[in-house]
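Numbering (mature numbering (1 follows the signal peptide of the UniProt record, and there is no 0)), first residue to last: -25 to -1, 1 to 147.
Backbone N, C-alpha and C fix where the C-beta goes; we use that ideal spot for every residue, glycine too.
The structure presented is a predicted model; accordingly, all values stated were derived computationally and were not measured.
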Ligand SMILES: *[C@@H]1O[C@H](CO)[C@@H](O)[C@H](O)[C@H]1NC(C)=O
Ligand SMILES: *[C@@H]1O[C@H](CO)[C@@H](O)[C@H](O)[C@H]1NC(C)=O
Ligand SMILES: *[C@@H]1O[C@H](CO)[C@@H](O)[C@H](O)[C@H]1NC(C)=O
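Following this line, the structure appears as structure tokens:
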């Protein structure tokens, strides 16, 4: 009897853990998309837990925030993670899989421009509300492109002596 109830409990526990693992995990297509971002955001230490392992819970990865209900990525904190000096062109189609992405932090990344030849900035970053571009190599032509992001509420574009230059969107 004792042994039997032990096995029943153990089996139940295994099922609970399995169920829990399934419910907290992130979407596989978003995990793959995050891993693909590592080609550009290539800081070896900062993103070392972004692994190409099927089933790895990317919602628990450093610099990633998910909505706990939808399990979709909503915030990406990518400050100071692009290390290359040669290529400052960030391909925006890499962000297409993140359909619920609301905040994107891209400070200190030596980014010159957003590029895409298949998709528009507005379709790739459709739901974006907050964008921090401080301390990159963009010039003013970026503002024209960003006008297509209709949900954008806050754009932090530069920082001079620790004073944020924040543009409330739809007013610039
Ligand atoms: C999280 O996702 C749920 C379901 O999709 C949605 O109703 C809710 O507003 C989202 N919360 C945030 C903070 O985005
Ligand atoms: C951007 O990435 C997409 C998807 O991976 C690719 O098809 C496209 O050629 C890339 N564009 C540029 C300019 O590199
Ligand atoms: C501004 O940046 C864009 C994209 O990199 C570039 O094509 C353009 O020549 C730049 N304009 C100036 C005035 O530097």
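Beta-bridge pairing of residue 65 - partner residues as DSSP gives them:
For the purposes of this step, residue 65 is identified with residue 90 of the chain shown, where counting begins at 1. Per DSSP, 89.
Let me check you understand the geometry: is the CB of residue 88 closer than 7 Å to at least one non-hydrogen atom of ligand 3?
For this step, residue 88 is matched to residue 113 along the chain shown. Indeed, a heavy atom of ligand 3 lies less than 7 Å from the Cβ.
Taking contact to mean 3 or more Cβ pairs, one atom from each stretch, closer than 8 Å, check whether the segment 85 to 99 and the segment 21 to 31 are in contact.
no
Once DSSP output is grouped into helix, strand and coil, what is the label at residue 133?
Counting from 1 along the chain shown, the entry for residue 133 is found at position 158. Here residue 133 sits in strand by DSSP.
Please write down, chain order preserved, every residue whose beta carbon lies under 5 Å from a heavy atom of ligand 1.
42, 44 and 45
Which residues does DSSP pair with residue 79 in a beta bridge?
The residue labelled residue 79 in the question sits at position 104 within the chain shown. For residue 79, which the question treats as bridged, DSSP gives the partners 51 and 106.
Just to confirm, are residue 112 and residue 85 a CB contact at a threshold of 8 Å?
As a working note, residue 112 is residue 137 in the chain shown. As a working note, residue 85 is residue 110 in the chain shown. For residue 112 and residue 85, yes; Cβs fall inside 8 Å.
Cα-Cα separation, residue 128 to residue 118
Taking the first residue of the chain shown as 1, we reach residue 128 at position 153. Taking the first residue of the chain shown as 1, we reach residue 118 at position 143. Straight-line Cα distance between these residues: approximately 14 Å.
When we look at the beta-carbon of residue 29 and count the other beta-carbons within 10 Å, is it buried (16 or more) or exposed?
As a position in the chain shown, residue 29 is number 54, starting the count at 1. It is exposed - the Cβ of residue 29 has fewer than 16 other Cβ atoms within 10 Å.
Under 8 Å between the Cβ atoms of residue 57 and residue 17?
Taking the first residue of the chain shown as 1, we reach residue 57 at position 82. Taking the first residue of the chain shown as 1, we reach residue 17 at position 42. Yes. Within cutoff.
I need the DSSP call for residue 1, collapsed to helix, strand or coil.
Here the question's residue 1 lines up with position 26 in the chain shown. In this structure, residue 1 counts as coil in the three-state DSSP scheme.
Can you list, in chain order, the residues of its chain whose CB lies under 7 Å from that of residue -3, leaving out five sequence neighbours each side?
Counted from its first residue, the chain shown places residue -3 at position 23. Because the pLDDT at residue -3 is just 48, under 50, the model does not fix this residue reliably, and the point stays unresolved.
CA nearest to the CA of residue 11, picked from 71, 123 and 107
By one-based count along the chain shown, residue 11 stands at place 36. For residue 11, the nearest C-alpha among the options comes from 71.
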